[in-house]
Structure formats: C-alpha cells, structure tokens
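Residue numbers (the working numbering): 230 to 697.
Even for Gly, the Cβ is constructed at its ideal location relative to N, Cα and C.
Predicted model only: the values in this text are computed from it and were never measured.
Reviewing the structure listed below.
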Ligand SMILES: [Cu+2]
C-alpha cells in the first residue's frame, strides 16, 4: 500500500510537467467490466466537478478513479458477446465486456488519463473523435503513435478542452475493428453555465452501428462495404432497444453519433426538436430551427432537444425503411401484385413447409410462424398493445408520462389513450368512388398521343443487388 501511494505521488509530480507519466502505469486502475446489455442508471459523479450525467441506451458509463486531480479510466479492448436482442447474440469486439464500449463522461477542463489494454488478437489504437488534444494523443496508428500490440497497455492523456458530444473508436485496421463493433460514446459536460447549453431533465445518448451477420451465424463480415443486414442503436435492434422513458414536460436531450457507412435520418413522432449541438460543439441559439427529422451523416454527431409536452408512446426511428428491419433475405423475389392463391395449396401438398411471401406486401411476415435458423431475429417484429409493430433495427419509443417520477427511467408500460382519441374503423355508408382516368392536366398536350403504359413499382427486395 505504501509503495502504491509513493507511486501516486510520483505520478502527481510528473503530471505537473504535463507529460505522460510512466509511473502511472504502476497504479493501473482495476478495469470495470459490464455483463448486462440493459440501460444502466445514470452515474452521478462522486468526485470532481459536478454535472448532470447522461443515460446510455442499452449501455453504461465507465467509473473512474481520481488520481491527484486526474480522472483515470481503464478501457479493455476485447472480444465480447453482445446480446443484440433477446435470442440474438453476436460475437463482436468491444470494450470492457460490451459493444459499444462504456460511455466516458468528463467535465470541460478535466485532466483525463485513459489506460487502454489490448486483449484483441491483433493490434489496435483509440482515436478520440472530435477532441482538441495534443497530436500524439489523437490515436492514428502509424501517424501519431505506434499501434498498441496485442497484450500491451498504452496510456492516453489530455485535457477535455471543449464541452460537447464525442465518440471514440480504433484507428488501426479500422475496417475490421469498427465492423466488429469497437466504438464508444464520450460526453464532456460544461464546467459552468454556458449560454448555448441548456440544463435538461433527461440526457440520452447512443451510437448508430451496422453489421453484416448472416442469418444463423454469430460473427459480422468485416468485408461488407454497403450491404449490411443489421442496423442497430448501440449494437441493439428493435425490439431489443430500450424505450426512452421521460416525464411529461421534461426537457429532453438525445445525443446521437453515426459510425455506420451511411447516413441515418432520425425521426421523432409527436414533437418538434432543435439540433442544439453538432460535432463542433453547441449550436448558437440564433442558428437553431425546429425539425422532426435530423439526418446524421457518417462520422457525425448530432444532439437534439425537445420539450416532451405530449403524453403517449411516440415512435422514434431511422426513416430509411430498410433500417427498421432485421436480417432481410436479400435474394427474395419481388412478389407484390402476384396472385399465388390456390398455387400455395397445390405446392403445399408436395412440400408441406412451403410458404408464399410478399404478394400483398411484407406485413404477413410478422404473422407467419416461419422457421428461422438459430440465433436469428425476425425481419420485422415487436408486439405493441394493438398487434405487431412491424419494425426491427433502428426503432424505439419515447414514452412521455405524467406519472413518470423525476429522474426515474423505468418503463411504465403501454400508453392508455383517453377515450375518443384513437383512430377507429368507419362503420357507416361508403360513398360511390368517382375516380378520374385522366393522368393530369398537362398544359403541353402531345400532338401524337403515345400508347398508355403502366409500370409496376418494384418493392422492397427487387433483386440481390440490395443497396442502401
Ligand atoms: Cu438508418
């Protein structure tokens, strides 16, 4: 114990000269490992400057150790088994037992020391995406530092200079390591009142990630460039993504970072939000406007804020409809509009398990008891109070409740709509339809009329070249 204390004092002396302390290695903090994929309660700071902590969707915040005024964190890069939804586990790479890694929360001006131990089968490094820091701490393998070899621990040290929303990820064999799930969130809270950073009641964060995992298998294919089949928030897919539970009239902030290969228009129902921060920090108030969809491009961070002043269960999702689906069969023929009735019965006599899909859209999929390979999640699923939600992937629900206690993140169940406030079936008379056969009033009529052509819209999996 005495020896250790001596080391810590030594570290403090070295810190004063603002260089990486080699003594600090002797006092490597115990790594904290998280076994659960559930959303953990906010981690209120026990020391250092005070702040309102964030809640990481299906994730957690990494505890730190205060060492002579320096916040010390210990990240372990390692293979992990991530439950992406109940019944669906993926073999990923991550940090401290999960993918994504734990969220790191610090305060503007904090001196931060991060120990990174590499338990992967290959070298790695960490890039602190968006931070102001000394060039040698930026984490680009070969450019700023040698790679961290397998089995070794490196130390990163810098001051969190500006408040905002950040990410961390490897900058070594990036294609493989990010495709395998190596990433994490970073939040730097403001140290004092900032005119462009409001105090909020709820502060959520998550990363957008995508994987190509063949149905029935466990490991993503890192060679995939565009054709991903698993679209996730914090390596979870609907219905495995936790709901965002807030109290009526709470001011809510949601921070989103995109580490996939495509953009995601994130859409909130029932409310308008403002983008209050981007990669570059808080957005000046005069430059904000209301929206209901925020496009988060590749490598970007966006922070949205709204007043939760409409009670209910509000959908919150990526607006690319293929991103609210799970593992699609990419080689499925397009059968919309093809009438198979009668045919299926005949084929069923020959092949008892035969099933026709897609002739009246894909909604049937949710009701079919189709045999799936092991470790596969249905394409669209998730039961709500009125049937299947017919969603997968990047979808969750913002639950606004009058009786949600302050600072309580429990799911209070389905919203009970007041009588007379829900869509209902019309049971009265239907007027005769009066459809026009005109294709529109063109002011530039053709001199030689063309033969009429009708086209069929192909949807949704027209061929195997399924691009996003
Ligand atoms: Cu998307």
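Counting only beta-carbon distances shorter than 5 Å to the non-hydrogen atoms of ligand 1, the qualifying residues in chain order are 493, 547, 549 and 552. Sorting 277, 292, 638 and 556 by C-alpha distance to the C-alpha of residue 260 places 292 at the top. A straight line joining the alpha-carbon of residue 361 with that of residue 394 spans about 12 Å.
For residue 552, the secondary structure class from DSSP, reduced to helix, strand or coil, is helix. The continuous stretches of alpha helix (DSSP H) do not include residue 401, and DSSP gives it neither H nor E. In this structure, 332 is the residue among 313, 302 and 332 with its C-alpha nearest to the C-alpha of residue 271. Each residue's CA atom was taken as its position, placing residue 499 and residue 462 some 21 Å apart.
Scanning its chain for C-beta atoms nearer than 7 Å, with the 5 sequence neighbours on each side dropped, one finds around residue 305 the residues 260, 324, 325, 346 and 348, in chain order. The alpha carbon of residue 312 has as its nearest neighbour, out of 606, 682 and 546, the alpha carbon of 606. In the structure shown, the three-state DSSP call for residue 487 is strand.
Per the coordinates, the alpha-carbon of residue 550 lies some 32 Å from the alpha-carbon of residue 656.
Beta-bridge annotation (DSSP): residue 333 is paired with 415. Closest in C-alpha terms to residue 647, from the list 541, 410, 444 and 352, comes 541.
Assignment of beta-bridge partners to residue 480 by DSSP yields 536. Restricting attention to 429, 444, 290 and 256, the CA atom closest to the CA of residue 478 is found in 429.
In this structure, residue 335 lies away from residue 381, with their beta-carbon atoms at least 7 Å apart. For residue 630, the uninterrupted beta strand (DSSP E) segment begins and ends at 624-630. Assigned with DSSP and collapsed to three states, residue 323 falls in strand.
For the pair residue 536 and residue 488, the CB atoms are not nearer than the 7 Å cut-off. Of 439, 369, 363 and 434, the smallest CA-CA separation from residue 268 is found for 434.
Within its own chain, the residues whose Cβ lies closer than 8 Å to the Cβ of residue 322, once the five positions on either side in sequence are excluded, are 306, 307, 308, 309, 328, 349, 406, 409, 410 and 411, listed in chain order. Boundaries of the beta strand (DSSP E) around residue 620: 616-620. For residue 440, the enclosing beta strand (DSSP E) has its first and last residue at 431-440. When the beta-carbon positions are compared, residue 379 and residue 370 stay at least 7 Å from each other. Under the 10 Å beta carbon count, residue 414 is surrounded by 16 or more other beta carbons and is classified as buried. Spanning the alpha carbons of residue 356 and residue 365 requires a straight line of approximately 11 Å.
Cβ-Cβ distances below 6 Å link residue 400 to 354, 356, 368, 369 and 370 in the same chain, with the five nearest sequence neighbours on each side left out; the list follows chain order. Within the DSSP bridge table, the entry for residue 385 names 343 as partners. Here the alpha carbon of residue 417 sits roughly 16 Å from the alpha carbon of residue 295. Residue 310: member of the beta strand (DSSP E) spanning 299-314, first to last residue. With fewer than 16 neighbouring CB atoms inside 10 Å of its own CB, residue 443 falls in the exposed class.
Within the same chain, no Cβ atom closer than 8 Å to the Cβ of residue 684 is found once the five residues on either side in sequence are excluded.
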